[in-house]
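With the first letter of the sequence shown counted as 1, position 24 gets the number 24 in UniProt numbering; the numbers rise by one all the way through.
Glycine residues also receive a C-beta, built at the ideal position from the N, C-alpha and C atoms.
Quick caveat, the model's predicted, so the values are computed rather than measured.
First comes the structure, then the notes that go with it.
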Amino acid sequence: MSSLKVRVDQKKLERAAYVLKCVAHPVRISIIDLLEQRQRLTVSEIQQVLGIEQSLLSHHLTNMRDKGIVDTQREGKRVFYFLTDYTITSIISCINGCKMF
Numbered sequence: 001m002s003s004l005k006v007r008v009d010q011k012k013l014e015r016a017a018y019v020l021k022c023v024a025h026p027v028r029i030s031i032i033d034l035l036e037q038r039q040r041l042t043v044s045e046i047q048q049v050l051g052i053e054q055s056l057l058s059h060h061l062t063n064m065r066d067k068g069i070v071d072t073q074r075e076g077k078r079v080f081y082f083l084t085d086y087t088i089t090s091i092i093s094c095i096n097g098c099k100m101f
């Protein structure tokens with residue numbers, strides 16, 4: 001048993017837990033999936049696909065932005081959301097490939 005050890009750096013584990021806690025909601029996982037497909041979308045475009053209230057969607061996007069998962073880019077009156085790190089999209093593949101779900 002002495003050869004058994006944690007294979008991931010503590011700081012990386014802490015960051016992973018922080019990010020996973022943030023995305024641990026069906027709406028947020030859906031947002032990640034949509035942004036992977038389109039790279040950048042407005043709130044209206046995301047709302048149209050998800051079919052949820054704008055205020056609820058804005059709440060989720062604000063939370064994800066505060067945690068550094070998404071960011072915004074303004075073009076005139078339109079504000080586009082995009083993923084800051086596309087490696088987070090591997091969570092979608094993981095969910096789709098997991099037999100538990």
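In the structure shown, residue 53 falls within a coil segment according to DSSP collapsed to helix, strand and coil. In the same chain as residue 65, and ignoring 5 residues on each side of it, no C-beta atom comes closer than 6 angstroms to its own. Note that the C-beta distance between residue 86 and residue 42 is not below 9 angstroms. For residue 71, the enclosing beta strand (DSSP E) stretches over residues 70-75. Residues of the same chain with a CB within less than 7 angstroms of the CB of residue 63, apart from the 5 flanking positions on each side, are 22 in chain order. For the 9 angstroms CB-CB criterion, residue 61 and residue 31 form a contact. Contact between residue 36 and residue 92 holds: their C-beta atoms lie close to 7 angstroms from each other, under 8 angstroms.
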